[in-house]
Structure formats: structure tokens, C-alpha cells
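Trainee: This is the structure I want to talk about, given as C-alpha cells.
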Amino acid sequence: MSRKDRMSGNQAVATAIRQINPDVIAAFPITPSTEIPQYVSSFKAEGLIDTEFIAVESEHSAMSACIGASAAGVRAMTATSSAGMALMYELLYVAASDRLPIVMAAVNRALTGPININADHSDSMGARDSGWIQIYSENAQEAYDNMLMAHRIAEHPDVLLPVMICQDGFITSHAIENIIIEDDEPVRAFVGEYNPPKHLLNPSESLGVGPYSVSAFYMEMKRKQFEAMNSARAVISDVSKDFGARIGRRYGMFEAYRMEDAEMAVLLMSSSAGTGKDAVDALRAKGVKAGLVKLRVFRPFPAKELADVFRGVKALGIMDKSDGFSGNGGPLGAEVRAALCGRPGGAKTCNYVFGLGGRDIRVDDFHVIFGELKGMIDGKQLPDCRYIGVRG
Amino acid sequence: MIEIRWHGRGGQGAKTAALLLADAAFETGLHVQGFPEYGPERMGAPITAYNRLSDGPIRIHSNIYNPDLVVVVDETLLKSVDVAAGLKDTGKLLVNTNSDPESVLRSFPGVKGDIWVIDAMDISIRTIGRNLPNTPLLSAVVRLTGIMGEEAFFKNMEKAFGEKFARKREVIEGNMRAVKEAWASVLQINEQARGKDV
Numbered sequence: 006m007s008r009k010d011r012m013s014g015n016q017a018v019a020t021a022i023r024q025i026n027p028d029v030i031a032a033f034p035i036t037p038s039t040e041i042p043q044y045v046s047s048f049k050a051e052g053l054i055d056t057e058f059i060a061v062e063s064e065h066s067a068m069s070a071c072i073g074a075s076a077a078g079v080r081a082m083t084a085t086s087s088a089g090m091a092l093m094y095e096l097l098y099v100a101a102s103d104r105l106p107i108v109m110a111a112v113n114r115a116l117t118g119p120i121n122i123n124a125d126h127s128d129s130m131g132a133r134d135s136g137w138i139q140i141y142s143e144n145a146q147e148a149y150d151n152m153l154m155a156h157r158i159a160e161h162p163d164v165l166l167p168v169m170i171c172q173d174g175f176i177t178s179h180a181i182e183n184i185i186i187e188d189d190e191p192v193r194a195f196v197g198e199y200n201p202p203k204h205l206l207n208p209s210e211s212l213g214v215g216p217y218s219v220s221a222f223y224m225e226m227k228r229k230q231f232e233a234m235n236s237a238r239a240v241i242s243d244v245s246k247d248f249g250a251r252i253g254r255r256y257g258m259f260e261a262y263r264m265e266d267a268e269m270a271v272l273l274m275s276s277s278a279g280t281g282k283d284a285v286d287a288l289r290a291k292g293v294k295a296g297l298v299k300l301r302v303f304r305p306f307p308a309k310e311l312a313d314v315f316r317g318v319k320a321l322g323i324m325d326k327s328d329g330f331s332g333n334g335g336p337l338g339a340e341v342r343a344a345l346c347g348r349p350g351g352a353k354t355c356n357y358v359f360g361l362g363g364r365d366i367r368v369d370d371f372h373v374i375f376g377e378l379k380g381m382i383d384g385k386q387l388p389d390c391r392y393i394g395v396r397g
Numbered sequence: 648m649i650e651i652r653w654h655g656r657g658g659q660g661a662k663t664a665a666l667l668l669a670d671a672a673f674e675t676g677l678h679v680q681g682f683p684e685y686g687p688e689r690m691g692a693p694i695t696a697y698n699r700l701s702d703g704p705i706r707i708h709s710n711i712y713n714p715d716l717v718v719v720v721d722e723t724l725l726k727s728v729d730v731a732a733g734l735k736d737t738g739k740l741l742v743n744t745n746s747d748p749e750s751v752l753r754s755f756p757g758v759k760g761d762i763w764v765i766d767a768m769d770i771s772i773r774t775i776g777r778n779l780p781n782t783p784l785l786s787a788v789v790r791l792t793g794i795m796g797e798e799a800f801f802k803n804m805e806k807a808f809g810e811k812f813a814r815k816r817e818v819i820e821g822n823m824r825a826v827k828e829a830w831a832s833v834l835q836i837n838e839q840a841r842g843k844d845v
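Protein sequences, first through last, are from chains S and G.
Residue 6 is where the first sequence starts when you use our numbering, and the numbers rise one by one after that.
Residue 648 is where the second sequence starts when you use our numbering, and the numbers rise one by one after that.
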């Protein structure tokens, strides 16, 4: 059973955490993710969960505590944003390479400077090569659903990698929206108990976690990580299918919206996808063959599947909510273009950087983008990368 | 879809009012959004909050530029913020004020929609005992949007206050008086100038 409710994205994630009832949460407050540990500590005070809540003195310590707890063999979680995630970067690599299935609620926020508290993806994109699985959510419902799937993915024996569930700071984390909340029992049955095959506190099997690795072993460890990330594709797909069968909401590596016969399309992640869908519907009503792809899983990157969905598309706008400062655009721009390279089709592409530091993106902005994509189909040249919704 | 934009100052509760409205509308079965625009948060700084209310799911995640209703929580904002920007010609503007109608109308020479006023400060001081304009403004907004009838809304609020102030009967009564007075006293001030029937 489920109930209709309304809540913010942060409340939705906190509700998922209450239902999951993890063994350990270690967190340090940072806007806009602060509410998540705040709610969780209330749940703890009210006796709704028996989680060990560790109030640490920094995000570096939060991730360190999660690493210790996870290595000891329990479910460990944290929540963070922006500079908080940046302070974890060193430990994010440790968590992934130690193959610890930690789950993080990431509430995306710009990195300084100038100092800014609003949404963009520069925090989690800075962690894109850290070895974490990254899943992005459009709204409170998806943030909740993705969180319910996170542990099954992370803890799968073929994976054993940490997972971050991302949503846009304030835009969804602080917006009240309608949501369907599942009953506790079916959620707990879906998530299941965590029985790690190996852990530090097992007296019958001694184990080392995170030791020095000489050159003779380091690269084998890295290849194992590569293989685990590759295995995660099938596991994410299976877990999402099982979630669809048992809970009723269906998810893939990405959502293809009105892509069947699309001649032009945009690709993006998170909250602005809904705004883009409104633009696509308006264009479709006028007979324009426009479509949208909302990428849900950024790590592992579904390169082949994206190449397939864009086959037949003549012009593609790849929309990045962070700039990689390569001089060529953002991380999605680079990865999607690499995915299309050498495959049949050959869409013309433009990489749009949008929404930095909470800059609003409107339906009208999508119409500007689709107008430019139409121009590209008609032979007009566009720069490889351009900023949209910006003055000057 | 009804789109609402609230203008207030940090600490006055415009955000809370938007969230309360989302709650009330949700209770009627509508799909809702309630969200503030976060900037440098400090007491007294101009802030904006938003609502979308719709029969179907709401996908859009941008601010609101062409509202159906603008709510001005603090009339001192009229000097510094173009509160009526983008208001639909068929839209409504609600101002919390104790100024005379002529001076309020002079602030909005270009507004084509209906202009309404309410003295939420006076109502809240008399009924709740403090300047808490949220409750009367919420009541006026529900009336102007028409999302709920009088009786259903009063019942809804009685339940909400009952849960929130379970042990403070006098607080519930004061808030309910504020709700009812606001519903009755919110006033359109430009109908004669436009020659419209009320």
C-alpha cells in the first residue's frame, strides 16, 4: 500500500532513510542538505529508527566515519552538498576503492566562488571520477525512489560500490510537491537486510581494508573497480525492474521522452527535465519533432544506450549544469559526444551550460535552444559550447 | 494551473504562507508546488515565494513570471520591488495594507487585473494578539483562488490548527477568528474604476 502525501525533496529522502533504518549515519550540516540529518536526528530522538547518529565535526570526518562503519560490516549513510562534498573528495576515492557500499544523499549545490548556496552540479561532477555510482533525480518522488533502490545496487556482490543519490538543491530539496510514499513494510522487504560477505568484525576471517598497495597489486585493484562499475549497469537495471514490478514506478538508465521520431533533442539531468518536457509538448503540439532525454544514471555512463536513442536525431543540445572549464564545455558534453563518436547517425551537437548557481531556466529558454537546434539542422553553425540564460 | 507569487520580507513568513497554501490545496486533491526563492537570507530583506496549484501533475521547475495572483505581504516593498511584474491581465493582486484605497491604487497605474486589499496586521493583532499576517492572508488567498469553499476551508483550518496547537484552545480560537474575519473582509478596490460588477 501507499499513500498520497506532499513534502519537500529533503523530507522525501529523510522518509526513505527512516524506512531503510540504516545502522550508521554520520553527517555534518551544510545547506541545502542540512534538513536531511536534521530530520533523521528527530526520527532517532522519537525512537522511529535505531540508527547510530554520529554528529561529526566535518564532512571529511563524516565520510571517514562511514568508511569505518561500512568496513566493519554495517549500512552507513551520509548527506552533503557543495563544499561539504568537496571536503570529502579524498575519502570518496577511499570508499570506492575499498569497495564499501556507502549511500550518500547528495543535494547538489554550486561550489565557491563566488560563494553561492543554490543548485548546480559542480559538486558531484567534481566527484565524477571518484568511483561512486551517481544517480540523479528530477523531483521529490524520484529522490525518494532512487534512495530506496540505492542499497540494493551498492550492496550487490557484483558491485560493492558506494552510491550517491543526487537532487537539485532548493529547486527540489526545499519545494513542497505531491509524492507517493510507500508503506514501511514493503519498502523494508524491497531493501532487504544487509549481510556483507566479508567485514572487519568477523572473528573467523581476518581481513584488511585500505592497506598500502604496491605497484605489483594497485592496478589489479583498479581493474576490479572498473569491472564492478561495469557490472553495476545490469544490477541497476535489475533493481529498477524489480522496483517497478513491486512498487509500480519504472526507471531505466535514462528516460526517453517523446524520442520515438525526434529530429532534435536535448539531454539533461535533474529538476529542469520537467521544465524541458513542457517545452517539448508545446513544440510537438505544433508538429515539431522534438524530444528530451533525462539522464538518470551518470555513473556508470550508459554510452551505448544513449548512442542508440539518439540514432536518427539530427541536432542534439547537451545541457550541463556545471562547466568543466576544459574550454570545450561541461562533463556531459564531453561524455555524450564521446558516446556518439564513431556510431551511425551523427547528430550535430551543441553543449549548453545552464543553471549555474541557481540561475533559473524557463520553458522559454528551452524554446531558444530548440530554435538553435533547428538552425543547426538547416545548416547554421553553432559554437561547440555556449552559456544559456546569461547576460552579456 | 494557478500560479501565485508572494512578496514579503525575510522573517514575515511569506515562505510559510506559501507552504501552508500548498498544504490546504493538497487537502482538496490538487497537485501542488510551494517553494521559496532563496537568496542571502536575512531578516527584512525582500524575499519571494511561489505556488503552483493544478488538477494534474506539475513538472515545471522554474520560478513564476506570469502569475495569476500576486500577494504583497509587506506594502513597504512597493517602493523597491516591481511586485506586479508579469501579472496576467486577468490576474489578481492582493495587498496587505492599512492605507486608503486611493493611495494603494496609485501604486499600480499599469495593473489591468483586480486589486484587492486586506488589513492582515489589524486582523491578526485583534484575533491572535500579535502581528502574524500569515493566517489572514492565507484565508484571503484561498478565497481569491477559489480552490475551496468557505465551509470546507474553515473545517480544514480548524483541523490543521487543532493538530498544531492541540493543548492551546485559545490559540486555535484566535486563529479561526482570523481566518473568518479575513475571508469576510478581503476587499476589491478597483472595481468601480473599471466599471465592473462585483
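For every residue, glycine included, the Cβ atom is placed at its ideal position computed from N, Cα and C.
Identify, in the order they occur along the chain, each residue of the same chain with its Cβ nearer than 7 Å to the Cβ of Phe812/G, setting aside the five sequence neighbours on each side.
Mentor: Contacts found: Val818, Ile819.
Trainee: Who are the near neighbours of Gly681/G in its chain, counting only those whose CB is closer than 6 Å to its CB and skipping five residues on each side?
Mentor: Excluding positions up to five away in sequence, the list reads Ala665, Leu666, Ala669, Asn698.
Trainee: Comparing the C-beta of Ala180/S with each C-beta of chain G, is any distance below 8 Å?
Mentor: Closer than 8 Å to some Cβ of chain G, the Cβ of Ala180/S qualifies, so yes.
Trainee: Is any beta-carbon of chain S found at less than 8 Å from that of Asp670/G?
Mentor: Interface residue, yes.
Trainee: Secondary structure at Thr774/G, three-state DSSP: helix, strand or coil?
Mentor: Looking at Thr774/G - three-state DSSP - the assignment turns out to be helix.
Trainee: So with Cβ pairs under 8 Å, would you call Pro693/G a contact of chain S?
Mentor: False, the Cβ-Cβ gap to chain S never drops below 8 Å.
Trainee: Using a Cβ-Cβ cutoff of less than 6 Å, which residues in the same chain neighbour Met381/S once the five nearest sequence positions on both sides are dropped?
Mentor: Result list for Met381/S: Ala320, Lys353, Leu387, in chain order.
Trainee: Taking the straight line between their C-alpha atoms, what separation do you get for Met109/S and Ala84/S?
Mentor: Taking the straight line from one Cα to the other gives about 5 Å.
Trainee: Opposite Met169/S in the DSSP bridges: which residues?
Mentor: According to DSSP, which records beta bridges pairwise, Met169/S is partnered with Met109/S, Gln139/S.
Trainee: Whose C-beta lies closer than 8 Å to the C-beta of Gly686/G among residues of the same chain, with five residues either side of it excluded?
Mentor: The residues are Ala692, Ile694.
Trainee: Could you tell me whether any Cβ in chain G is nearer than 8 Å to the Cβ of Thr354/S?
Mentor: Thr354/S does not count as touching chain G.
Trainee: Here's a check: name, in chain order, each residue in its chain whose Cβ is nearer than 7 Å to the Cβ of Phe58/S, leaving out the five neighbours to either side.
Mentor: The answer, listed in chain order, is Ile30, Val45, Ser46, Lys49.
Trainee: Going by Cα to Cα distance, which pick from Ile184/S, Gly322/S, Glu190/S, Phe33/S is closest to Val61/S?
Mentor: The option with the nearest alpha carbon to Val61/S is Phe33/S.
Trainee: For the beta strand (DSSP E) containing Glu57/S, name the first residue and the last one.
Mentor: Segment 57-60, the beta strand (DSSP E) holding Glu57/S.
Trainee: Tell whether a beta-carbon distance below 8 Å holds between Ala739/G and Leu700/G.
Mentor: Sequence inspection shows Lys at residue 739/G; the Ala mentioned does not correspond to that position. The answer is no: Cβ separation not under 8 Å.
Trainee: Identify which residue in Asn837/G, Ser709/G, Ala825/G has its Cα closest to the Cα of Gly776/G.
Mentor: Per the Cα distances, Ala825/G.
Trainee: Closer than 7 Å by beta-carbon distance: list the chain G residues that pair up with Ser277/S, in chain order.
Mentor: Per Cβ cutoff of 7 Å: His708.
Trainee: Exposed or buried, Asp477/S, counting other C-beta atoms within 10 Å across all chains shown (16 or more means buried)?
Mentor: This structure cannot speak to residue 477/S, because chain S is shown only from 6 to 397.
Trainee: For Met264/S versus Gly296/S, is the C-beta distance shorter than 8 Å?
Mentor: Yes.
Trainee: Can you find a C-beta in chain C that's less than 8 Å from the C-beta of Asn123/S?
Mentor: Absent here is chain C; the protein component of the structure consists of chains S and G.
Trainee: Got a sec: is the Cβ-Cβ distance from Leu785/G to anything in chain S below 8 Å?
Mentor: By this cut-off, Leu785/G is not an interface position.
Trainee: Taking 8 Å as the cut-off, decide whether the C-beta atoms of Pro714/G and Ile836/G are in contact.
Mentor: Contact: no.
Trainee: Of the residues His65/S, Leu153/S, Tyr217/S, which one's Cα is nearest the Cα of Glu198/S?
Mentor: Among His65/S, Leu153/S, Tyr217/S, the Cα nearest to that of Glu198/S is on Leu153/S.
Trainee: Is the beta carbon of Ile140/S less than 8 Å from the beta carbon of Leu105/S?
Mentor: Not a contact, by the Cβ cut-off of 8 Å.
Trainee: Please list, in chain order, the chain G residues whose beta carbon lies closer than 9 Å to that of Asn183/S.
Mentor: Per Cβ cutoff of 9 Å: Phe673, Leu677, His678, Val679, Gln680, Pro704, Ile705.
Trainee: Does Thr20/S have its Cβ less than 8 Å from a Cβ in chain G?
Mentor: Chain G contact via Cβ: absent.
Trainee: Scan the segment 70-124 of chain S and note each continuous alpha helix (DSSP H) run of 4 residues or more that stays entirely inside, going in chain order.
Mentor: Counting only runs of 4 or more, we get 87-102.
Trainee: If you measure from the beta carbon of Asp844/G to each beta carbon in chain S, is any gap under 8 Å?
Mentor: Per-residue confidence for Asp844/G stands at a pLDDT of 47, beneath the threshold of 50, marking its modelled position as unreliable; no derived number is given.
Trainee: Whole angstroms are fine: how far does the CA of Ala672/G sit from the CA of Thr723/G?
Mentor: Straight-line Cα distance between these residues: approximately 29 Å.
Trainee: My parser needs the alpha helix (DSSP H) runs of 4 or more residues fully inside the segment 652-731 of chain G; what are they?
Mentor: List check, alpha helix (DSSP H) in window: 661-674.
Trainee: Who does Glu650/G pair with in a DSSP beta bridge?
Mentor: Answer by DSSP bridge pairing, in chain order: Arg699/G.
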